[in-house]
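Participant: Please find one structure pasted underneath; my questions will follow.
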Amino acid sequence: MVLDLSNNLLCSQLPLSLENLTNLEVLDISYNYDIYGVIPPEIGSLSKLTRLDLSSNQLHSDLPLSLPNLTNLEVLDMSNNHGIYGVIPHNIGSLSKLTHLDLSYNSLKSELPLSLSNLTNLEVLLISSNSLFGAIPSRIGYLSHLNALDLSFNDINCYLPATMTQLTILEILKLDSNRLEGVFEAGIHMLPRIKTIGLSACSIGGRIPSQLGNVGNAQFLNIDLSRNQLIGEVPESISSLERIDLSYNNLEGEIPANLWRKFGIESFHGNTNLHPPEEFSSRITVEMIYYLIFVFFILCGIYFIFFTRDRKGASSSVTPHPKHGDIFKIWNFDGNMAYQDIIEATQDFDLRYCIGTGAYGSVYRALLPTGRVVAVKKLHRFEEDNPTFESSFRNEAQVLSQIRHRHIVKLFGFCLHQRSMFLIYDYMERGSLFSVLRDEDEAVELNWKKRVNVVKGIANALSYMHHDCSPPILHRDISSSNILLDSEFEGCLSDFGTARLLDPDSSNQTILVGTRGYIAPELAFTMVVTEKCDVYSFGVLALEVMFGDHPGDFVSSMMTTKRSTQFAQNLMVQQLLDKRLPSLEEDVRMSREVIAVVKTALKCISCDPKSRPYMKEVSQELAKHPPRLTMPFRSVSVLDLMHSG
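Everything in the sequence shown is counted per my numbering, starting at 9 for the first residue and increasing by one.
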């Protein structure tokens, strides 16, 4: 018996009556986005379940203690709820038939239970982006069928267990953004089938072993060791690897010439005392001059293109220039130019080059022959057959081809062939705002000044879309996952697949789209999209940037509590702000800036759309010099900001 309610617009709690479906074998309620509330403990009575998928909703619950009763489960997916908290049941090892376990993108604060070692049929284990702490159990080596293990973006602090070398069919290992020791000693790079090892931002110190690249699977192996504390010289043995990222460490000395040629400068950025091989050094100045001249002419060309296109109308297209690797002039639907470069740079979109997955399509990092690094969003083959995904893809290409703003991600070109569909963007080194806020080190690096600037930048971008474009453009999916940050933490709005032009002569009725937790409440009832829907999403985003986490509980209390005035009066702004950053008590100027952002955000999340400001007003308000506080910063309550002018 199968109950599949996935990919709908259900807005409900999980009913207790589910326990009556005792013959159920498959229960899939994923991708509804508005399924909320707790996971009823009665779900443990569905003893015949082989597949349980509650992913991509708004569940706010701990994992029920009855979960280990589902001893026939083969697939358990509760990822992307963000609100699943508490601990992983200590007896989860009872689910001995599990082959796929995904609890990523939640709020679990737990150690990895020792009973995980009983899941000997497990092929995929994904618990990234939670708050796991403690150590990786030594008995993890018992999971001999494991093909993919992702524990990245947690608070794990341990020596890597040597038993990981028993994972002989493991291909993907992601441990980024934890605190790890004994990484090289554990020998994970010697696993016979390993292809991807993610170890960025893991506080790894010491020297790179001289024989790191001398392993049997080297030609297929991609290792990310960026943003660590590695010292010493770069060993020549890594030339055997498929790819390695050693950027932002403390390496020193001369980069061997063969490594420079194979991996390029991108793999070594941010190492102050590391320098190119001597044979290249004398050419750098001349090459930089040529490069600057090249960029100058490219910029002139782009200006000319848009100047003439503005005069002739946005519908005109530009014929691609045949120069090898020149992606700056792909402004039509032909896509022949640079196609082969993209295919070669990503090895036909191999998983090793994948840096993220969105609502549709995956994003890949591509180093082109010109030396430029770009991000490529590709629509997967099975998605190409879905008219909704294809429409979103074409919509994004169309919208981004017509707009340009400093804080909107730059689209360099696109290929919309039946054979392959992809978009080519400017590469944003820091990735998504969501990921940065979940990483302890990067969240601290994203200080108060940078956070305020991110909020201001996105406000300016939305103001441009709403008020300077004709007709106005609505984004409809503003979230921290769709804000990308460059190396200096400058923010850009991305993912325009669901964007639409606002038609003043239409009812503007729509299907419900967007990311759960950011969708304006009126959309669920009226299904009419307006600028104020974007304003609401922006308000949630601005609070998230200041709080350091999604403000779901806070927003719900402000909207649903009848005595919200009392709630707001008793809640100090200082209590809500990200505790990972220094207190603003002594920083008078920055405290005023942050207060101004929170105050504006509170206006944006008003229940009544008519009470929300327009984005132009938001942008102008944030651009003003904030007024002096009339009371000590620690005494400012949420109510004070709600009632101030």
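Note that CB positions come from ideal geometry on N, CA and C, so glycine has one too.
What's the C-alpha gap between Ile466 and Met436?
Facilitator: Ile466 and Met436: Cα-Cα distance of roughly 15 Å.
Participant: Where does Gln348 sit, in a helix, a strand or coil, going by DSSP?
Facilitator: Three-state DSSP puts Gln348 in a helix.
Participant: Have a look at Ile246 and Gly213 and give me their C-alpha separation to the nearest angstrom.
Facilitator: Distance between the alpha carbons of Ile246 and Gly213: 18 Å.
Participant: Could you tell me the alpha carbon to alpha carbon distance between Val371 and Glu530, rounded to whole angstroms?
Facilitator: Whole-angstrom Cα-Cα distance: 32 Å.
Participant: Taking all protein chains shown into account, do 16 or more other C-beta atoms lie within 10 angstroms of the C-beta of Ile216, making it buried, or fewer, making it exposed?
Facilitator: Ile216 comes out buried.
Participant: When DSSP builds the beta bridges, which residues end up paired with Gln237?
Facilitator: Answer is Gly213, bridged to Gln237.
Participant: If we ignore side chains and look at the alpha-carbon of each, how far apart do Asn186 and Ile135 end up?
Facilitator: Near 13 Å, if we compare the C-alpha coordinates of Ile135 and Asn186.
Participant: If I follow the unbroken beta strand (DSSP E) through Thr608, where does it start and stop?
Facilitator: From DSSP, Thr608 is part of no beta strand (DSSP E) but of the alpha helix (DSSP H) over 596 to 612.
Participant: With a threshold of 7 Å between beta carbons, is Leu501 in contact with chain B?
Facilitator: In summary, chain B is missing from the structure at hand, where a single protein chain is found.
Participant: Using beta-carbon positions only, say whether Leu229 and Glu262 come within less than 7 Å of one another.
Facilitator: No, they are not a contact pair.
Participant: Taking the alpha-carbon positions, what's the Ser409 to Pro23 distance?
Facilitator: So the two alpha carbons sit approximately 46 Å from each other.
Participant: If we call anything under 7 Å between Cβ atoms a contact, is Gly439 one with Leu375?
Facilitator: Not a contact, by the Cβ cut-off of 7 Å.
Participant: Grab the span of the alpha helix (DSSP H) containing Val463 for me, first residue to last.
Facilitator: From DSSP, the alpha helix (DSSP H) with Val463 extends over 456 to 471.
Participant: Between the Cα of Ile239 and those of Leu254, Ser248, Gln227, Ala226, spot the shortest distance and give me the residue it belongs to.
Facilitator: With distances taken between Cα atoms, Ile239 lies closest to Leu254.
Participant: Could you tell me the boundaries of the alpha helix (DSSP H) in which Glu260 lies?
Facilitator: Glu260 -> not in any alpha helix (DSSP H); beta strand (DSSP E) instead, spanning 258 to 262.
Participant: Based on the DSSP output, what are the partners of His474 in its beta bridges?
Facilitator: Answer is none; His474 lacks a bridge partner.
Participant: Please classify Ile177: is it buried, with 16 or more other beta-carbons within 10 angstroms of its beta-carbon, or exposed?
Facilitator: Per the 10 Å Cβ criterion, exposed.
Participant: Determine, using beta carbons only, whether Val191 and Ala156 come nearer to each other than 7 Å.
Facilitator: No, they are not a contact pair.
Participant: Closer than 8 Å is the cut-off here; do at least three beta carbon pairs connect the region 67 to 83 with the region 46 to 54?
Facilitator: Taking 8 Å as the limit for Cβ pairs, the verdict is that the region 46 to 54 does touch the region 67 to 83.
Participant: Is it the case that the Cβ atoms of Ser139 and Asp110 are separated by a distance below 7 Å?
Facilitator: Not a contact, by the Cβ cut-off of 7 Å.
Participant: Is the distance from the Cβ of Ser488 to the Cβ of Leu441 below 7 Å?
Facilitator: Their beta carbons are under 7 Å apart, which means Ser488 touches Leu441 by this criterion.
Participant: Taking 7 Å as the cut-off, decide whether the C-beta atoms of Val581 and Val644 are in contact.
Facilitator: In contact: Val581 and Val644 (Cβ atoms closer than 7 Å).
Participant: Pull up the distance between the alpha-carbon of Gly547 and that of Arg620, whole angstroms please.
Facilitator: Roughly 10 Å separates the two Cα atoms.
Participant: Could you tell me the alpha carbon to alpha carbon distance between Lys203 and Val606, rounded to whole angstroms?
Facilitator: About 44 Å.
Participant: Tell me which residue opens and which closes the beta strand (DSSP E) that Gly52 is part of.
Facilitator: Neither: Gly52 is in no beta strand (DSSP E) and is coded neither H nor E.
Participant: Which same chain residues end up closer than 8 Å to Asn266 when comparing Cβ atoms and leaving out the 5 residues on each side of it in sequence?
Facilitator: Glu244, Ser247.
Participant: How many angstroms separate the CA atom of Asn80 from the CA atom of Gly52?
Facilitator: Roughly 11 Å between the two C-alpha positions.
Participant: Answer yes or no: do Leu492 and Ser502 have a C-beta to C-beta separation smaller than 7 Å?
Facilitator: Result yes, Cβ atoms of Leu492 and Ser502 sit closer than 7 Å.
Participant: Going by DSSP, what residues sit across from Lys182 in a beta bridge?
Facilitator: According to DSSP, which records beta bridges pairwise, Lys182 is partnered with Asp158, Gly206.
Participant: Using 8 Å as the cut-off, can you tell me whether the region 558 to 568 makes contact with the region 617 to 636, which would need three or more C-beta pairs spanning the two stretches below that distance?
Facilitator: Result no; under three Cβ-Cβ pairs closer than 8 Å.
Participant: Per DSSP, which residues does Ile486 bridge with? Please list them.
Facilitator: BP columns for Ile486 are empty, so no partner.
Participant: If you scan the region 71 to 96 from start to end, which runs of the alpha helix (DSSP H) of 4 or more residues do you find wholly inside it?
Facilitator: Entirely contained in the region 71 to 96, not one alpha helix (DSSP H) run reaches 4 residues.
Participant: Look up Arg360 in the DSSP assignment and say whether it is helix, strand or coil.
Facilitator: DSSP places Arg360 in helix when its eight states are reduced to three.
Participant: Would you tell me roughly how many angstroms separate the C-alpha atoms of Arg201 and Gln577, rounded to the nearest one?
Facilitator: Those two C-alpha atoms are separated by around 58 Å.
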